[in-house]
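Student:
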Amino acid sequence: PPPPEPIAWMVGTAFWWTKEEAERDAVATGKPIIPFGPMIDTGEVDRLRAALSFYADREHYHFESGNWDTVSGEPLNILWCGEEPDFIEDGSVARAALERKL
């Protein structure tokens, strides 16, 4: 199938919703017009959502191994306050991102 029609145009760092405005800006600035269309391949978005879901669903903890503070072999996600752990990343940041609360 043919590529979708552009939904916006960029000239330099300016975005234009009509091609006519973009053309005027391109003539005035001497910069090229770059068309933007809807996303066709959402594979990258799907991969990022899967990665966030891994953390949001707390699948990164290894509770059964007894190493409750080991997160996927990564450095510990704990902030210490004196002798006590103050915060352990429990997936709340990933959940907030998935729920668009960040």
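The C-terminal residue of the sequence shown carries number 92 in our numbering, and the numbering is unbroken. C-beta atoms are modelled at their ideal positions from N, C-alpha and C, and glycine is treated no differently. Since this is a predicted model, take the numbers as computed values, not measurements.
1) Using a Cβ-Cβ cutoff of less than 6 Å, which residues in the same chain neighbour residue 88 once the five nearest sequence positions on both sides are dropped?
2) From what residue to what residue does the alpha helix (DSSP H) around residue 19 run?
3) May I ask you to verify whether the region 29 to 36 touches the region 0 to 19, counting CB pairs closer than 8 Å and requiring at least 3?
4) When you compare only the Cα positions, how much space is there between residue 27 and residue 17?
5) Could you pull out every residue in the same chain whose Cβ sits closer than 7 Å to the Cβ of residue 6, ignoring the five residues on either side in sequence?
6) Going by other Cβ atoms of all chains shown within 10 Å of its Cβ, with 16 needed for buried, is residue 84 buried or exposed?
7) Short check: CB of residue -4 to CB of residue 25, under 7 Å?
8) Considering only C-alpha positions, which residue in the set -8, 23 and 38 is nearest to residue 30?
9) If you follow the alpha helix (DSSP H) that residue 33 is in, where does it begin and where does it stop?
10) Which two residues bound the contiguous alpha helix (DSSP H) that contains residue 85?
Tutor: Let me spell this out:
1) For the purposes of this step, residue 88 is identified with residue 98 of the sequence shown, where counting begins at 1. Closer than 6 Å at Cβ, skipping near neighbours: 42 and 46.
2) The residue given as residue 19 occupies position 29 in the sequence shown. From DSSP, the alpha helix (DSSP H) with residue 19 extends over 9 to 19.
3) no
4) Position 37 of the sequence shown, counting from 1, holds the residue named residue 27. Position 27 of the sequence shown, counting from 1, holds the residue named residue 17. Answer to the nearest angstrom: the Cα atoms are 22 Å apart.
5) The sequence position of residue 6 within the sequence shown is 16, counting from 1. Excluding residues within five positions, the ones whose Cβ falls inside 7 Å are -2, -1, 12 and 15.
6) In the sequence shown, counting from the first residue as 1, residue 84 sits at position 94. Classification for residue 84: buried.
7) Residue -4 sits at position 6 when you count from the first residue of the sequence shown. Residue 25 sits at position 35 when you count from the first residue of the sequence shown. Yes, they are a contact pair.
8) Translated into positions along the sequence shown, residue 30 becomes position 40. When each option's Cα is compared against that of residue 30, the closest is -8.
9) In the sequence shown, the residue the question calls residue 33 occupies position 43. Here the alpha helix (DSSP H) through residue 33 covers 33 to 46.
10) For the purposes of this step, residue 85 is taken as the residue at position 95 of the sequence shown. Taken as a continuous stretch (DSSP letters only), the alpha helix (DSSP H) holding residue 85 covers 82 to 88.
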